[in-house]
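Residue numbers (the working numbering): 1 to 65.
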């Protein structure tokens, strides 16, 4: 137990700074570019990646919403 608790003290934690945008796999520049092109749509904390495959009815439903 002491072996695991030594990392709970201040200064012992690793601080990792991400270059990604929120909880996405895209960097800030890629996210802004993809959002302006309409390739991603904000969906709460995450984003929905939009592709151009599949039936036309599903894409029309997305555009109307």
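Just so it is clear, CB atoms sit at the ideal spot from N, CA and C, and this is done for glycine as well.
With at least 16 other beta carbons inside 10 angstroms of its own, residue 26 counts as buried. Spatial neighbours of residue 6 in its own chain (CB-CB distance under 8 Å, excluding positions within 5 residues in sequence) are listed in chain order as 12. In this structure, residue 46 and residue 24 form a Cβ contact; the two beta carbons are roughly 7 Å apart against a cut-off of 8 Å. Counted as a single uninterrupted DSSP element, the alpha helix (DSSP H) harbouring residue 59 occupies residues 56-64. The straight-line gap separating the alpha-carbon atoms of residue 38 and residue 60 is approximately 14 Å.
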